[in-house]
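Residue numbers (the working numbering), protein chains in the order written: chain A, 1 to 339; chain B, 340 to 678. Glycine included, C-beta positions come from ideal geometry on N, C-alpha and C.
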């Protein structure tokens, strides 16, 4: 399997974030990149991302938002380690402010997505890894992109939940440029709210998400089963929320239902938002999926026998993280009918 | 002049808040109450707020929001000093979560409004001071409510900008129950975004706000001159934004324009959102209004000769804060044509 990554990933090095009144250690750490790269290297051929420029990113994201991500840190009035929002745009009518502090609040939904000196390089690199992996599947059928920071909580114009650019959405749009239908399956423990928002009114990109119920769990405000899309997109979003604490059986059953919906859609390619934070060992997860559960998940998805781009989403440092990725990739390769 | 206050005010004692990456000292401190009460006591007759119950508050605020303010702190899973949101509801379609963390983000727009053990008592007391002062003007024509915490950034269902209950809106609605038309004049340096949102579609309560331009200044997302109301409320909101750094002349000229609009509306009573953070000495303000400027402001408003409730909004501890309030109240009393 081709493994795409960007050596710029470590340049985004958040140290802490404001969580319910305290500044805590940021789980989306540089360490994740090293753990995941070392593991993936045992499952395939590691290649650096090719730089395809801004166009495939701008196909998904708002230009003002991209400008803020690219230049926001440099606009800080004082010498600071990072800029991060304090105030957030309300849902009442409002407009985009001119100053940095207001723009951060306009384009972010929480306090976990600081802009630091190397943030743009890292998020740009992660998006290029996703684009490169999408291109790889035309030849190799399957590829894995080690995207860090992750992307599925980022919408067209909003960062949030450690995410800046929606790598899975960018990969799906890249594929969509050469094929009529693309499906996205999001198996991260958190609802892929950004991806859902991006494609909510479209019928050419199906979005299916298996995740922990959001009534009391991040990202809190969306992810319910009755969110099915709007307009032309009605019926092209499927949420499969599961109770907190769900394990292998519930997770794999929901995945199987999601794959069934995807097969009915008959996409030309599949993008998987591959989080490992459903793992029992995950420090911030809410499920109890075991290594065996992830192996079954790999088998269920591989059996769909579609050209597939695997996009790294969440999954936070624990003793098990590297092993979860390695086993998933190995089994995914082994289980594919054309392997 | 009758001075209304609540002795519960010091029970809300925020210690710090998250501002652009760091936890800083909270400017909306208990000290404000003591400074303002000592100053007001020299300008009138101090009386405790009468408890009018929840009904006049519920006339303005969403019941779910009130429930969160009242019970949110007690719902904290661990022993904590305060609960405060981390994630905020986006403007894309979303729904109200069940858990505490999500509900905090659903009902708040920034990180400055923690719920602490005594927060509900203090915000409830501030609202009762506003209601009591509104009732006072039927007999005494003018009254001042020392509301702490302040209120004009709170909308029907959102806390933000140090504000929880919109004391000025509650006072205006209280008056409106006995009279056809009420005007609100907001002279705090910050746009009264919460008050604007509450009355934006109504033509029975006119809202006029003089404030620093919001393109690069809190509250960032509203406050422009072309926001004039919607539906039946079109033409019943007037924003008079002024450049950062404005002084006495600009401030008083804008006030005079606002008073002209209010006189044309011919209200039965006036509510003033009285902030002193336009003062040159204010630690977080953006104007350079002098003591002389506030005296002129008092004169301009007093000359309108309307039954008037003065509601304390912002204005943060400095050597000048108490003196600004005292001189304003004294001149307001002295300048009234019926005085």
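Fill in: Proximity below 8 Å, CB of residue 148(A) to CB of residue 133(A)
For the purposes of this step, residue 148(A) is taken as the residue at position 148 of the first chain. For the purposes of this step, residue 133(A) is taken as the residue at position 133 of the first chain. Cβ atoms of residue 148(A) and residue 133(A): not closer than 8 Å.
Practice prompt. For residue 511(B), count neighbouring C-beta atoms within 10 Å of its own C-beta (all shown protein chains included) and say buried if the count is 16 or more, exposed if not.
Written response: Translated into the one-based positions of the second chain, residue 511(B) becomes position 172. Buried, because 16 or more other Cβ atoms sit within 10 Å of the Cβ of residue 511(B).
Worksheet item: Residues in its own chain within less than 8 Å of residue 73(A) by CB, not counting five upstream and five downstream?
Response: On the first chain, position 73 is the one that residue 73(A) refers to. Contacts found: 82, 83, 115, 116, 117, 119, 120.
Fill in: Alpha-carbon to alpha-carbon, residue 479(B) and residue 641(B)
Translated into the one-based positions of the second chain, residue 641(B) becomes position 302. Translated into the one-based positions of the second chain, residue 479(B) becomes position 140. If I take the Cα positions, the gap works out to 14 Å.
Discussion item. If contacts are defined as beta-carbon pairs under 8 Å, then residue 590(B) and residue 625(B) qualify, I think. What distance do you get, rounded to the angstrom?
Written reply: By 1-based counting over the second chain, the position of residue 590(B) is 251. By 1-based counting over the second chain, the position of residue 625(B) is 286. The Cβ separation is near 11 Å, so there is no contact.
Worksheet entry | Residue-chain proximity (residue 494(B), chain A), Cβ-Cβ < 8 Å | As a first step, residue 494(B) is located in the second chain; it is residue number 155 there, counting from the start. Yes, residue 494(B) lies at the interface with chain A (some Cβ there is under 8 Å from its Cβ).
Worksheet item: What runs of the beta strand (DSSP E), each 3 residues or longer, lie entirely inside the region 559-638 of chain B?
Response: 576-581, 608-613
Worksheet item: Closer than 9 Å, Cβ to any Cβ of chain B: which residues of the region 103-133 of chain A, in chain order?
Response: 103, 104, 105, 106, 108, 109, 110, 111, 112, 114
Worksheet item: What does residue 136(A) pair with, by DSSP beta-bridge criteria?
Response: Sequence index remark: in the first chain, residue 136(A) carries index 136 (1-based). Looking at the DSSP assignment, residue 136(A) forms no beta bridge with any residue, so it has no partner.
Practice prompt. Give the straight-line distance between the Cα atoms of residue 440(B) and residue 219(A), rounded to the nearest whole angstrom.
Written response: As a first step, residue 440(B) must be located in the second chain, where it is residue number 101. As a first step, residue 219(A) must be located in the first chain, where it is residue number 219. About 10 Å.
Worksheet entry | Which residues DSSP lists as bridging residue 161(A), in chain order | Your numbering for residue 161(A) matches position 161 in the first chain. Residue 161(A) is not bridged to any residue.
Worksheet item: Roughly how many angstroms lie between the CA atoms of residue 390(B) and residue 467(B), to the nearest whole one?
Response: Within the second chain, the letter at position 51 stands for residue 390(B). Within the second chain, the letter at position 128 stands for residue 467(B). Roughly 6 Å separates the two Cα atoms.
Fill in: Beta-carbon separation (whole angstroms), residue 660(B) vs residue 483(B), contact threshold 8 Å
Position 321 of the second chain, counted from the start, is the residue given in the question as residue 660(B). Position 144 of the second chain, counted from the start, is the residue given in the question as residue 483(B). Contact doesn't hold; Cβ gap of about 15 Å is too wide.
Worksheet entry | Complete alpha helix (DSSP H) runs within the region 175-214 of chain A (minimum length 4 residues, chain order) | With a minimum length of 4 residues, the continuous alpha helix (DSSP H) runs that stay inside the region 175-214 of chain A are 193-199.
Item to complete: Taking residue 372(B) as the reference, give the member of 586(B), 491(B), 651(B) with the closest Cα.
Response: Locating residue 372(B) in the second chain gives position 33, counting from the first residue. Of 586(B), 491(B), 651(B), the residue nearest in Cα terms is 651(B).
Worksheet entry | Proximal residues of chain A, C-beta to C-beta of residue 358(B) below 7 Å | Sequence index remark: in the second chain, residue 358(B) carries index 19 (1-based). 86, listed in chain order.
Discussion item. Please tell me whether residue 480(B) has its Cβ less than 8 Å away from any Cβ of chain A.
Written reply: Stepping through the second chain from its first residue, residue 480(B) is reached at position 141. No, residue 480(B) does not count as interfacial toward chain A.
Worksheet entry | Beta-carbon contacts of residue 600(B) that lie in its chain and below 8 Å, excluding the five residues immediately before and after | Locating residue 600(B) in the second chain gives position 261, where the first residue counts as 1. Excluding positions up to five away in sequence, the list reads 545, 547, 577.
Discussion item. Among 193(A), 43(A), 163(A), 96(A), whose alpha-carbon lies nearest the alpha-carbon of residue 323(A)?
Written reply: Position 323 of the first chain, counted from the start, is the residue given in the question as residue 323(A). That would be 43(A), whose Cα lies nearest to the Cα of residue 323(A).
Discussion item. With H, G and I counted as helix, E and B as strand and the rest as coil, what does DSSP make of residue 15(A)?
Written reply: Taking the first residue of the first chain as 1, we reach residue 15(A) at position 15. Residue state, collapsed to three classes: coil.
Worksheet item: Whose C-alpha, out of 527(B), 449(B), 375(B), 358(B), is nearest the C-alpha of residue 666(B)?
Response: Stepping through the second chain from its first residue, residue 666(B) is reached at position 327. Selected option, being the one with the closest Cα: 375(B).
Worksheet item: Can you list the residues of chain A that residue 438(B) reaches, using a CB-CB cut of under 8 Å?
Response: Start at 1 with the first residue of the second chain, and residue 438(B) comes out as number 99. Residues of chain A passing the Cβ test: 215, 216, 217, 220.
Worksheet item: Taking just the CA atoms, how far does residue 646(B) sit from residue 340(B)?
Response: The residue given as residue 340(B) occupies position 1 in the second chain. The residue given as residue 646(B) occupies position 307 in the second chain. The straight-line gap from Cα to Cα measures roughly 12 Å.
Worksheet item: Are there 16 or more other CB atoms within 10 angstroms of the CB of residue 575(B), so buried, or fewer, so exposed?
Response: For the purposes of this step, residue 575(B) is taken as the residue at position 236 of the second chain. Flag for residue 575(B) reads buried.
Discussion item. On the DSSP letters alone, give me the boundaries of the beta strand (DSSP E) that residue 312(A) sits inside.
Written reply: To locate residue 312(A), count along the first chain from 1; it is residue 312. That run of the beta strand (DSSP E) goes 308-312.
Item to complete: Can you give me the Cβ contacts of residue 536(B) inside the same chain, cut-off strictly under 6 Å, excluding the 5 residues immediately before and after it?
Response: Sequence index remark: in the second chain, residue 536(B) carries index 197 (1-based). Correct list, in chain order: 494.
Worksheet item: Helix, strand or coil: which one does DSSP assign to residue 359(B)?
Response: Looking up residue 359(B) in the second chain gives position 20. Annotated three-state conformation of residue 359(B) is coil, per DSSP.
Worksheet item: In chain order, what residues of the same chain lie with their CB nearer than 8 Å to the CB of residue 384(B), ignoring the 5 residues before and after it?
Response: Sequence index remark: in the second chain, residue 384(B) carries index 45 (1-based). Correct list, in chain order: 340, 341, 342.
Worksheet item: Does the Cβ of residue 245(A) have 16 or more other Cβ atoms within 10 Å, making it buried, or fewer, making it exposed?
Response: The residue labelled residue 245(A) in the question sits at position 245 within the first chain. It is exposed - the Cβ of residue 245(A) has fewer than 16 other Cβ atoms within 10 Å.
Worksheet entry | Chain-ordered chain B contacts of residue 94(A) [CB-CB under 7 Å] | One-based indexing of the first chain puts residue 94(A) at position 94. Neighbours of residue 94(A) on chain B, chain order: 560, 561.
Worksheet item: Since residue 449(B) sits in a beta bridge, which residues does DSSP pair it with?
Response: Translated into the one-based positions of the second chain, residue 449(B) becomes position 110. According to DSSP, residue 449(B) bridges with 87(A).
Item to complete: Compare the C-beta of residue 550(B) against all C-beta atoms of chain E and say whether one is closer than 8 Å.
Response: Going by chain labels, chain E is absent from the structure shown, which instead holds the protein chains A and B.
Practice prompt. Look up residue 344(B) in the DSSP assignment and give the residues it is bridged to.
Written response: Indexing the second chain from 1 puts residue 344(B) at position 5. The partner list for residue 344(B) (beta bridge, DSSP) reads 387(B), 485(B).
Practice prompt. Establish whether the CB of residue 83(A) and some CB of chain B are separated by less than 8 Å.
Written response: In the first chain, the residue the question calls residue 83(A) occupies position 83. Output row for residue 83(A): interface = yes.
Worksheet entry | Contacts around residue 332(A), its chain only, beta-carbon distance under 6 Å, and the 5 residues preceding and following it disregarded | Here the question's residue 332(A) lines up with position 332 in the first chain. Here the set comprises 298, 302.
Item to complete: Answer yes or no: do residue 280(A) and residue 290(A) have a C-beta to C-beta separation smaller than 8 Å?
Response: For the purposes of this step, residue 280(A) is taken as residue 280 along the first chain, with counting starting at 1. For the purposes of this step, residue 290(A) is taken as residue 290 along the first chain, with counting starting at 1. Yes.
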